[in-house]
Amino acid sequence: MAVRVAIDMGGGLPQFAAPMNAAPLSKVYSIPHPLPLDSGQVLEGAEIAYETYGTLAPDASNAVLVCHALTGDQYLASPHPITGKPGWWERMVGPGKPIDTDRHFVICANVIGSCMGSSGPASLAPDGQPYAMRFPVITIRDMVRGLVALLDGLGIDKLHAVVGGSMGGMQALSLASNWPERAARVLVIASTARHSAQNIAFHEVGRQAIMADPAWAGGDYYAAEAKPDNGLAVARMAAHITYLSEAGLTEKFGRRLQDREAKGFGFDAEFQVESYLRYQGSGFTRRFDANSYLYITRAMDYYDIAEEHGGKLADAFCGTHARFCIVSFDTDWLYPTAESRHVVHALNAAGAKVSFVELSAPHGHDSFLLEHDQLDRVVKGFVE
Amino acid sequence: MSALRPDLAAIAAHVAPGSRVLDIGCGDGALMAELESASGCDARGMELDGALVERCVSRGLSVVQGDANIDLANYPDKAFDYAILSQTLQTATRPDLILDELLRVGRRAFVSFPNFAHWRTRAALMFGGRMPVTRALPVSWYETQNIHHVTVEDFRDLARMKGAAIERAWFFSGEKQTGAPAANWRAEFAVFELSR
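Which chain is which? The protein sequence lines are G and H, in order. Letter 103 of the first sequence, counting from 1, is numbered 103 in the numbering used here, and no numbers are missing. Here the numbering used here = 1-based position in the second sequence + 384.
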């Protein structure tokens, strides 16, 4: 199975073993200064791959930053260069869409630690070899440091809005709490202000699956024939379950069998749900780097905005002038409504201007990526 | 302003321009929109019904989906110049506790409610012997959200008990304002402005 691996730090472009279409690769911004990290380490020569849509106003007042989720990337509203699939939020972002590129200049950047052109464990270290596990452990705030550096590079002092779902929402909240002057509106969908024990537990299952794959080889697999695809696929399968609701799975698959009339008394993917998960797992390995999965899940596990601000979440937003909109989904058990309410209560306590709505949707955490008219109206009304 | 319900119009006319306002049970945000556009207020809302919250947010208002019985607790003391509770008091689990919260988060409070002692209501009970279904209380007893019916005099008593001063009051019969004398008989709706 072909997987993109080495990243040429000179051009910063990911080299795909088997690009499936000719979509142009992203623009890359080289951060002109060392990036200080929460760990105390410093990332030199960091690069951020990004896409933009629409036109930046002369006064740079119409910029909207959309932050991507754990396994997302900068291909927000344009085809993915490896899978050829449409952008991950094309239904939300584009001309005349809720985030309207006729009016707004929309930016989406690959986070640091990821593998679609921004600096991460697959990038080449100064010694010419991939960093692998030598890449510094990063946090959500470090990712946002990279994004803020990109905004500086683009000449954007203040965003019209920062928008994100899931881990994207964590980045939006991190930006709002640590760089409160950089965004006028903050839209956080299906997210949280901290990773819970259950969230960390699921991530640890994924990481252990990767590290238990002999091909992982301590992270030094970039030059090898075999990649830790099996481990990464299992990690994705476990995580994918957390993105869906029980009712959604039941409706989609029930106990139906795959390509067979009766139980086979064996261990093939006999149930449709097994077949679906295997497909999700193996598809994922074609576009994602196992070490990036380790680094990004770790960053999410370290995430706790209150902890960064003396233990009190309201203090993270003290004196903010931004408007906030928090959206949760009733069937999302990964980042349930209670977590969103926790954020809303803190914002109320801080005197921030906040909206909050729990939307009804059958599909669990993934609902934020799917068709949802009410979500469209909320996003449009808030971002406009 | 003409589109506003009479109790909301009375409130809108008496909120000082540029105030910070919390509208509890803000519905579709009609009062908030009026306060923001006509009086330059910083208006926030709380509403239980998600569909109404969505309508508010999509028209650019800052509204939190929440339950006044629970979620008011997170607002700091005197965070607002006015806390407004329109046509919601009688639906609260504990109206007395809500009133406390209102007077805690707001320097002043506006409260509006249907008056259960209006003559039509009295007549319906007196002569019909059944729970009244009137213009002001159009829903049958078994499906109404009004679980704590209240009269003008009851409310005055509650305010006194809570140490709240009644700054002003307005009374309505249908669209028309009625006088304060015999309001407990003549008013279908009442609006009180309180402070503590």
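For every residue, glycine included, the Cβ atom is placed at its ideal position computed from N, Cα and C.
Within-8 Å CB hit, residue i to chain G
i, result
"Asn530/H", "no"
"Val448/H", "yes"
"Val399/H", "no"
"Pro565/H", "no"
"Arg492/H", "no"
"Ala463/H", "yes"
"Arg488/H", "no"
"Gly411/H", "no"
"Phe434/H", "At residue 434/H the sequence reads Gly, which differs from the Phe that was named. Yes, contact with chain G."
"Gly512/H", "no"
"Val437/H", "yes"
"Asn453/H", "no"
8 Å Cβ cutoff met for residue i and residue j
i, j, result
"Tyr303/G", "Thr139/G", "yes"
"Ala507/H", "Val536/H", "no"
"Arg103/G", "Asn62/G", "yes"
"Asp44/G", "Pro32/G", "Here the sequence assigns Glu to residue 44/G, which means Asp is not the residue at that position. Not a contact, by the Cβ cut-off of 8 Å."
"Asp213/G", "Asn199/G", "no"
"Val148/G", "Gly169/G", "no"
"Arg207/G", "Asp38/G", "no"
"Pro228/G", "Ala269/G", "no"
"His398/H", "Glu572/H", "no"
"His203/G", "Met300/G", "yes"
Endpoints, the beta strand (DSSP E) within which residue i is located
i, result
"Ser355/G", "Lys353 to Leu359"
"Gly429/H", "Asp426 to Glu431"
"Leu232/G", "Not the beta strand (DSSP E): Leu232/G falls in the alpha helix (DSSP H), residues Asp229 to Tyr243."
"Thr400/G", "Residue 400/G is absent from the structure shown; chain G starts at 1 and stops at 384."
"Pro498/H", "Gly490 to Pro498"
"Tyr131/G", "Segment: none, Tyr131/G is in no beta strand (DSSP E) and carries neither H nor E."
"Trp554/H", "Ala549 to Ser557"
Interface flag, residue i vs chain H, CB-CB below 8 Å
i, result
"Phe265/G", "no"
"Met1/G", "The predicted position of Met1/G is uncertain, since its pLDDT is 34 and thus under 50; a value taken from the coordinates is nonetheless stated next. No, its Cβ sits nowhere closer than 8 Å to a Cβ of chain H."
"Leu359/G", "yes"
"Ser355/G", "yes"
"Asp8/G", "Its pLDDT being 36, under 50, Asp8/G is placed unreliably in this model, and the coordinates cannot settle the point."
"Glu181/G", "no"
"Gln198/G", "no"
"Ala349/G", "yes"
Start-to-end residues for the alpha helix (DSSP H) that takes in residue i
i, result
"Gln374/G", "Asp373 to Val383"
"Phe253/G", "From DSSP, Phe253/G is part of no alpha helix (DSSP H); its letter is neither H nor E."
"Cys440/H", "Gly434 to Ser442"
"Tyr293/G", "Ala290 to Tyr302"
Proximal residues to residue i (C-beta, below 6 Å), its chain only, five neighbours per side dropped
i, result
"Pro390/H", "Phe556 and Glu559"
"Phe356/G", "Ile326 and Val344"
"Asn21/G", "The predicted model places Asn21/G with a pLDDT of 37, which falls under 50 and marks its position as unreliable; any figure quoted below should be read in that light. Contacts found: Gly84."
"Asp332/G", "Ala190, Gly364 and His365"
"Leu56/G", "Phe105"
Same chain, Cβ closer than 7 Å to residue i, five either side skipped, listed in chain order
i, result
"Ala306/G", "Ala193, Arg194, Lys312, Leu313 and Ala316"
"Ala476/H", "Ala452, Asn453, Ile482 and His532"
"Thr518/H", "Arg504, Thr505 and Ala508"
"Val379/G", "Met92, Pro98, Ile99 and Leu187"
Minimum C-alpha distance to residue i - residue among the options
i, options, result
"Lys158/G", "Val64/G, Val137/G and Trp216/G", "Val64/G"
"Arg396/G", "Gly113/G, Lys227/G, Leu375/G and Gly117/G", "Look at the range of chain G in this structure, 1 to 384, and you will see that residue 396/G is not part of it."
"Pro362/G", "Gly248/G, Glu308/G and Ser174/G", "Gly248/G"
"Gly490/H", "Tyr295/G, Glu47/G, Gly351/G and Ala69/G", "Gly351/G"
"Gly310/G", "Ser177/G, Tyr243/G, Thr242/G and Tyr293/G", "Ser177/G"
"Asp182/G", "Ala197/G, Ala201/G and Ile156/G", "First, the amino acid is wrong: residue 182/G is Arg here, not Asp. Nearest C-alpha to Arg182/G: Ile156/G."
"Gly283/G", "Met237/G, Gly87/G and Pro58/G", "Met237/G"
"Tyr526/H", "Phe464/H, Val534/H and Met515/H", "Met515/H"
"Glu431/H", "Pro401/H, Asp538/H, Tyr459/H and Asp455/H", "Asp455/H"
"Val144/G", "Pro180/G, Tyr131/G and Gly128/G", "Pro180/G"
"Ala396/H", "Ala457/H, Gln449/H and Leu469/H", "Leu469/H"
"Asn348/G", "Ser446/H, Phe494/H, Met510/H and Ser496/H", "Ser446/H"
"Leu486/H", "Ala566/H, Ala422/H and Asp465/H", "Asp465/H"
Cutoff 8 Å; reference residue i; Cβ partners in own chain excluding five residues on either side
i, result
"Phe395/G", "Given that chain G is displayed from residue 1 to residue 384, the structure contains no residue 395/G and the question cannot be resolved."
Contact test: residue i Cβ vs the ligand SAH heavy atom, cutoff 7 Å
i, result
"Ala493/H", "As for the ligand SAH, it is missing from this structure, which has no ligand bound."
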